[in-house]
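A.B. asks: Protein chains in written order, with our numbering: chain D, 323 to 575; chain U, 996 to 1250.
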Ligand SMILES: Nc1ncnc2c1ncn2[C@@H]1O[C@H](COP(=O)(O)OP(=O)(O)OP(=O)(O)O)[C@@H](O)[C@H]1O
Ligand SMILES: [Mg+2]
């Protein structure tokens, strides 16, 4: 019972925190320089990780489904099948989970340590707005960068899959990609990009909320980072579930 | 020797900080229980008290970081607990606050640390040129101009405290609140900082509250002292007067 109350309390606080983001983000001063720096850091930190996992996912998925498709005589369906699986589901969720681990924990730990060493208080008493400088820039940066990383991951995954098809079935890259786009429609791409924005926002807001409200001293920094990852990952799955439900409704129309 | 000779303390006009019957508790932990304090223009006031007695809480109340429960708290004639955010920002721009742990921004160089408040303050507009001048001036005042491009992680504890002071001075505050400016420093560096606090008082005519455990610091830098004990201002006098009092609580600080 206590846990349930805590859950709802925290959910309320996070919503309040997100609400503050939307209330304050529109008004100057805009911390453009810090925003660009954060975007660069996010890209720089996760580019390699996202690329490698994306590539492996594409290769593995293709290798695993090949025998089955051959059995059914449907190996020519490979590009469209892998394409849809990656673009609709695997790319966004995989990238978001990796970023929740890498970026979400980083933001949580950074803000938590700034909180315990009173740097956030110092910003506040100097008349600067720490929420603007720290939270709005970071949340905006993750919201912009995660969709970009998702698209990147999609492209690399599909290239990995195309590579397998080329080596095993002699399918050229041109043919592979033309087949992918034959089946992949705007209706697949749009929902996946939209949900990536939500993933990015969720990762940023959870990392910032956890760090900004951390109170437990230095030893709490690690725990804050950990909790940020757990909650953000959970939220990615929940948002994904909601996204699928919503786009399902649109398909029926 | 009397420090009152070096500068003028204004006891006639209203005090710059006026606290009466201040109460603050965290849950069942009653920290301040009817605390009184008056800080006069141009005065350096040292506040001494045991660890955990509520010294940091006291000055955090003054700057509006901690909400008070009850009592009168006037800073530059404004009731801190009744200000809206904008008014609070305006008031804060006239107060310098030096945190116990310096609280320098790790991810920024010394220069960026100093520029940060000035560039962002809604009420103070400065050009690039003025900014450069102010940064150099503030660093010169604390004798660390050569550290301008260093990162906080490259600075020693004493240097950090000086940079933190420079970051405060750059806003040209009327009041400075120091939270243990000499803690964790060797006696020689501690003395340098104490003298620096004096110099700031004389040069910029600021009024200051100096929270400290350090007797030498209190002796050098303060005109008057308050002993904070059990949540109240237990004793109030000059360093020399306190030193001669027979009270056990007071004598405990003078060993
Ligand atoms: N934000 C807070 N929440 C709950 N309790 C607090 C908070 N800040 C301070 N306290 C409590 O208030 C009391 C006074 O703390 P404070 O930091 O003012 O002590 P201090 O006199 O500055 O000690 P020190 O010399 O060790 O810095 C302590 O018991 C502390 O636990
Ligand atoms: Mg303290």
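Quick reminder that beta carbons are idealized off the backbone N, C-alpha and C, glycines included.
Looking only at its own chain, which residues have a Cβ that is under 7 Å from the Cβ of residue 1005 of chain U, when we skip the five neighbours before and after it?
C.D. replies: Once the five neighbours on either side are set aside, the close Cβ partners of residue 1005 of chain U are 1035, 1036 and 1037.
A.B. asks: Which residues count as close to ligand 1 when the rule is a CB under 5 Å from any of its heavy atoms, in chain order?
C.D. replies: Answer in sequence order: U:1021, U:1026, U:1046, U:1047, U:1048, U:1049, U:1050, U:1051 and U:1052.
A.B. asks: So which residues on chain U does residue 355 of chain D lean against when the C-beta distance must stay under 8 Å?
C.D. replies: Under the 8 Å cutoff, chain U gives no residues; its nearest Cβ is about 10 Å from residue 355 of chain D.
A.B. asks: What residues from chain D crowd round residue 1100 of chain U, counting only those whose CB sits closer than 7 Å?
C.D. replies: What residue 1100 of chain U touches in chain D: 441.
A.B. asks: Residues of chain A with a CB under 7 Å from the CB of residue 1112 of chain U: which are they?
C.D. replies: Judged by its chain identifiers, the structure shown contains no chain A, and its protein chains are D and U.
A.B. asks: If you count every other CB in all the chains shown that lies within 10 Å of the CB of residue 1244 of chain U, and 16 or more means buried, which is it?
C.D. replies: By the neighbour-count rule (16 or more Cβ atoms within 10 Å), residue 1244 of chain U is not buried but exposed.
A.B. asks: Which residues in the same chain as residue 340 of chain D place their Cβ atom closer than 7 Å to its Cβ, once the five residues preceding and following it in sequence are excluded?
C.D. replies: Excluding sequence neighbours, residue 340 of chain D sits near 527.
A.B. asks: Can you confirm whether residue 1057 of chain U, when its beta carbon is compared against all beta carbons of chain D, has any partner nearer than 7 Å?
C.D. replies: Judged by the 7 Å Cβ criterion, residue 1057 of chain U is not in contact with chain D.
A.B. asks: At which residues does the alpha helix (DSSP H) containing residue 335 of chain D begin and terminate?
C.D. replies: Segment 324-346, the alpha helix (DSSP H) holding residue 335 of chain D.
A.B. asks: Do the CB positions of residue 1188 of chain U and residue 1011 of chain U come within less than 7 Å of each other?
C.D. replies: For residue 1188 of chain U and residue 1011 of chain U, no; Cβs fall outside 7 Å.
A.B. asks: Examine the Cβ distances between the region 1085-1094 of chain U and the region 434-454 of chain D and report whether three or more of them are shorter than 8 Å.
C.D. replies: Yes: at least three Cβ pairs fall under 8 Å.
A.B. asks: Just to confirm my understanding: we take residue 1146 of chain U, look at its own chain, exclude 5 residues before and 5 after, and list those with CB closer than 7 Å. What are they?
C.D. replies: Around residue 1146 of chain U: 1104.
A.B. asks: Could you tell me whether the region 324-338 of chain D touches the region 368-387 of chain D, using the rule of 3 or more Cβ pairs below 8 Å?
C.D. replies: No, the region 324-338 of chain D is not in contact with the region 368-387 of chain D.
A.B. asks: Since residue 378 of chain D sits in a beta bridge, which residues does DSSP pair it with?
C.D. replies: Note: residue 378 of chain D sits in no beta bridge, so no partner.
A.B. asks: May I have the straight-line CA-CA distance separating residue 368 of chain D from residue 466 of chain D, to the nearest angstrom?
C.D. replies: In a straight line, the C-alpha of residue 368 of chain D is about 14 Å away from that of residue 466 of chain D.
A.B. asks: Show which residues of chain U have a CB atom less than 7 Å away from the CB atom of residue 444 of chain D.
C.D. replies: Ordered by position in chain U, the residues that pass the 7 Å Cβ test against residue 444 of chain D are 1094 and 1098.
A.B. asks: Using 8 Å as the threshold, is the region 1180-1194 of chain U in touch with the region 1019-1026 of chain U, meaning 3 or more CB pairs across them?
C.D. replies: No, the region 1180-1194 of chain U does not touch the region 1019-1026 of chain U.
A.B. asks: Ignoring anything shorter than 4 residues or poking outside the region 1136-1200 of chain U, list the alpha helix (DSSP H) runs there in chain order.
C.D. replies: Listed in chain order, the complete alpha helix (DSSP H) runs (minimum 4 residues) inside the region 1136-1200 of chain U are 1152-1164 and 1182-1199.
A.B. asks: Is the CB of residue 1087 of chain U under 7 Å away from at least one CB in chain D?
C.D. replies: Chain D contact via Cβ: present.
A.B. asks: CB residue 1030 of chain U to CB residue 1228 of chain U, shorter than 7 Å?
C.D. replies: Yes.
A.B. asks: Going by the CB atoms, is the gap between residue 463 of chain D and residue 357 of chain D shorter than 7 Å?
C.D. replies: Yes, Cβ-Cβ distance for residue 357 of chain D and residue 463 of chain D is below 7 Å.
A.B. asks: Count the other CB atoms, across all protein chains shown, that sit within 10 Å of the CB of residue 1124 of chain U; report buried if there are 16 or more and exposed otherwise.
C.D. replies: Under this definition residue 1124 of chain U is an exposed residue.
A.B. asks: Can you give me the C-alpha to C-alpha distance between residue 509 of chain D and residue 544 of chain D, rounded to a whole angstrom?
C.D. replies: Approximately 41 Å between the Cα atoms of the pair.
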